[in-house]
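**Q**
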Amino acid sequence: MKNIILLFCIALAVNSQAQLLDKLKEKVGGKSKLILYPEEKLDFPQYHNNIGKVCFSNEEFERTLPESQYIKTYNFGDKLSMRAWFANSPANSMLLQLEQSGKKPREINDNRSSFEYQTKVLFVLYLDGQKVTNTSYASDFKKSDMYGLATHRAEFNDGTDDLYFGETLMTDLKRKQDLLTPGTHKLKIEVMPIKTAGYGDDFDYKPIAVGEIDMIVKNNAIDRNDPQACLPVAKMTDKALQAKIITAYKNRNFGDTPKEIRITSDRWYISKNEYTGIPLRRAVSVTVGKTKNGKCSYDEYSFAQDYDGTQYQNEVYLLGEGIGTKREISCKCFTP
Numbered sequence: 417m418k419n420i421i422l423l424f425c426i427a428l429a430v431n432s433q434a435q436l437l438d439k440l441k442e443k444v445g446g447k448s449k450l451i452l453y454p455e456e457k458l459d460f461p462q463y464h465n466n467i468g469k470v471c472f473s474n475e476e477f478e479r480t481l482p483e484s485q486y487i488k489t490y491n492f493g494d495k496l497s498m499r500a501w502f503a504n505s506p507a508n509s510m511l512l513q514l515e516q517s518g519k520k521p522r523e524i525n526d527n528r529s530s531f532e533y534q535t536k537v538l539f540v541l542y543l544d545g546q547k548v549t550n551t552s553y554a555s556d557f558k559k560s561d562m563y564g565l566a567t568h569r570a571e572f573n574d575g576t577d578d579l580y581f582g583e584t585l586m587t588d589l590k591r592k593q594d595l596l597t598p599g600t601h602k603l604k605i606e607v608m609p610i611k612t613a614g615y616g617d618d619f620d621y622k623p624i625a626v627g628e629i630d631m632i633v634k635n636n637a638i639d640r641n642d643p644q645a646c647l648p649v650a651k652m653t654d655k656a657l658q659a660k661i662i663t664a665y666k667n668r669n670f671g672d673t674p675k676e677i678r679i680t681s682d683r684w685y686i687s688k689n690e691y692t693g694i695p696l697r698r699a700v701s702v703t704v705g706k707t708k709n710g711k712c713s714y715d716e717y718s719f720a721q722d723y724d725g726t727q728y729q730n731e732v733y734l735l736g737e738g739i740g741t742k743r744e745i746s747c748k749c750f751t752p
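With our numbering applied, the sequence shown corresponds to residues 417 to 752, in that order.
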């Protein structure tokens with residue numbers, strides 16, 4: 417029994433000593449020291465020469481891409497890749513900014529663990545000094561990159577139909593056709609670290625990388641069938657049905673004016689009674705281009721016709737309230 421008590425006392429003493437050593441490690445000159453996450457070492461010229469910058473290239477932007485492949489001028493519509501170089505990882509950058517704002521290191525350290533899971537970055541796009549858009553707050557990232565890596569890559573246009581991280585910046589900009597006048601524009605990217613929840617999520621963090629490039633727009637002609645810039649391509653053409661859809665949309669009185677209808681279904685989709693197999697209704701997906709207060713946008717809806725037992729009724733009605741995919745577009749997208 418005495419041996420058990422002795423071992424317990426020794427373990428308690430060792431634990432207390434370990435805690436004391438941890439506290440001492442946090443102290444520098446009598447003050448707590450901010451504890452940062454370990455970071456992958458980036459020891460090559462491309463990193464050291466461009467810390468705090470967003471750089472651009474028409475090539476695949478690997479970390480070791482030669483700086484001779486970096487560009488300062490870009491033709492809108494060409495392939496464009498971006499890489500941001502940070503002084504510290506996004507999570508560490510936020511911890512440091514909190515300390516610089518006057519937050520106590522001990523307080524930050526006590527809440528540090530949440531930054532490992534709740535850190536993201538936004539790429540924010542400005543055109544000629546005007547903020548246009550940013551990447552989505554819903555974008556997901558490799559957690560270790562957010563707390564342990566001082567660089568991040570994004571695409572503006574990779575030249576394919578796939579939408580990689582960053583390419584929504586281009587699609588959003590395409591919808592701002594009024595800004596894309598022929599000539600040279602200044603495209604600016606800021607990379608902002610964000611905390612998605614909990615401690616530090618209400619702090620106004622500063623950009624951790626900024627870059628500018630001259631963007632040349634050669635032609636501002638509107639392609640009304642470019643789904644990224646305007647409306648999706650219609651898969652069904654039925655003037656009589658489109659007229660009924662416009663009437664049904666107006667009957668819902670959303671407070672805007674429908675200007676163009678695109679039926680994006682390639683056929684009617686039939687809903688049947690699960691027990692009898694008798695049709696209940698048929699529906700099509702429709703994109704409605706509309707105007708309100710001088711601004712133009714589109715949203716996606718389902719319109720339906722009920723089955724009366726022998727045939728589908730003539731009346732077309734809006735099924736539900738819309739899919740919730742409203743997007744702002746240029747008014748030039750609508751047929752004159």
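All residues carry an ideal CB built from backbone N, CA and C; glycine is no exception.
#1: Which stretch, first to last residue, makes up the alpha helix (DSSP H) that contains Y760?
#2: Counting only the same chain and skipping the five closest in sequence on each side, list residues whose C-beta sits under 7 Å from that of L734.
#3: Leaving out five residues on either side along the sequence, give the residues of the same chain with a beta carbon under 7 Å from the beta carbon of T707.
#4: Report yes if the C-beta distance between V626 and F539 is below 7 Å; otherwise report no.
#5: Quick one: which unbroken alpha helix (DSSP H) runs of 4-plus residues sit fully inside the region 672-731? Chain order, please.
#6: Going along the chain, which unbroken runs of the alpha helix (DSSP H) with 4 or more residues stay wholly within the region 532-602?
#7: Whole angstroms is fine: what's the gap from S505's alpha carbon to A570's?
#8: Would you give the residue range spanned by the beta strand (DSSP E) that D526 belongs to?
#9: From which residue to which residue does the alpha helix (DSSP H) around Y486 run?
#10: Nearest to D594 by alpha carbon, out of V548, D578 and S560?
#11: Would you mind giving the Cβ-Cβ distance between Y486 and F472, rounded to the nearest angstrom? I have them listed as a contact below 8 Å.
#12: In the DSSP assignment, find the beta strand (DSSP E) that holds E744 and state where it starts and stops.
#13: Return the Cβ separation of E456 and L565 in integer angstroms, given the expectation that the two are a contact with Cβ distance under 8 Å.
#14: Measure the alpha-carbon distance for N730 versus D722 and round it to whole angstroms.
#15: Using the three-state DSSP reduction, which class does E737 fall into: helix, strand or coil?
#16: For H383 versus M562, is the C-beta distance shorter than 7 Å?
**A** According to the structure shown:
#1: Nothing can be reported for residue 760, as the shown portion of the chain is limited to 417 through 752.
#2: As a first step, residue 734 is located in the sequence shown; it is residue number 318 there, counting from the start. Closer than 7 Å at Cβ, skipping near neighbours: A664, Y665, R668, Y717 and F719.
#3: For the purposes of this step, residue 707 is taken as the residue at position 291 of the sequence shown. The residues D672, T673, K675 and C747, in chain order, have a CB closer than 7 Å to that of T707 in the same chain once the five nearest residues on each side in sequence are set aside.
#4: Translated into the one-based positions of the sequence shown, residue 626 becomes position 210. Translated into the one-based positions of the sequence shown, residue 539 becomes position 123. Not a contact, by the Cβ cut-off of 7 Å.
#5: Secondary structure remark: continuous alpha helix (DSSP H) runs of at least 4 residues inside the region 672-731: none found.
#6: Taking only runs of at least 4 residues, the alpha helix (DSSP H) segments lying wholly in the region 532-602 are 559-564 and 583-590.
#7: Locating residue 505 in the sequence shown gives position 89, where the first residue counts as 1. Locating residue 570 in the sequence shown gives position 154, where the first residue counts as 1. Cα to Cα, S505 sits roughly 16 Å from A570.
#8: Position 110 of the sequence shown, counted from the start, is the residue given in the question as residue 526. No beta strand (DSSP E) holds D526; the alpha helix (DSSP H) holding it covers P521 to D526.
#9: Taking the sequence shown and counting its residues from 1, the one referred to as residue 486 is at position 70. Where Y486 is concerned, there is no enclosing alpha helix (DSSP H), given that its DSSP letter is neither H nor E.
#10: Within the sequence shown, residue 594 is the residue found at index 178, counting from 1. For D594, the nearest C-alpha among the options comes from V548.
#11: In the sequence shown, counting from the first residue as 1, residue 486 sits at position 70. In the sequence shown, counting from the first residue as 1, residue 472 sits at position 56. Between F472 and Y486 the Cβ distance is about 7 Å, and since that is below 8 Å, they are a contact.
#12: Against the sequence shown, residue 744 aligns to sequence position 328. Residue range R743 to I745 is occupied by the beta strand (DSSP E) that includes E744.
#13: Within the sequence shown, numbered from 1, the residue matching residue 456 stands at position 40. Within the sequence shown, numbered from 1, the residue matching residue 565 stands at position 149. Right, the Cβ-Cβ distance comes to about 5 Å (below 8 Å), so this counts as a contact.
#14: Translated into positions along the sequence shown, residue 730 becomes position 314. Translated into positions along the sequence shown, residue 722 becomes position 306. If I take the Cα positions, the gap works out to 9 Å.
#15: In the sequence shown, counting from the first residue as 1, residue 737 sits at position 321. Residue state, collapsed to three classes: coil.
#16: Examination of residue 383 is not possible in this model, given that the chain is present from 417 through 752 alone.
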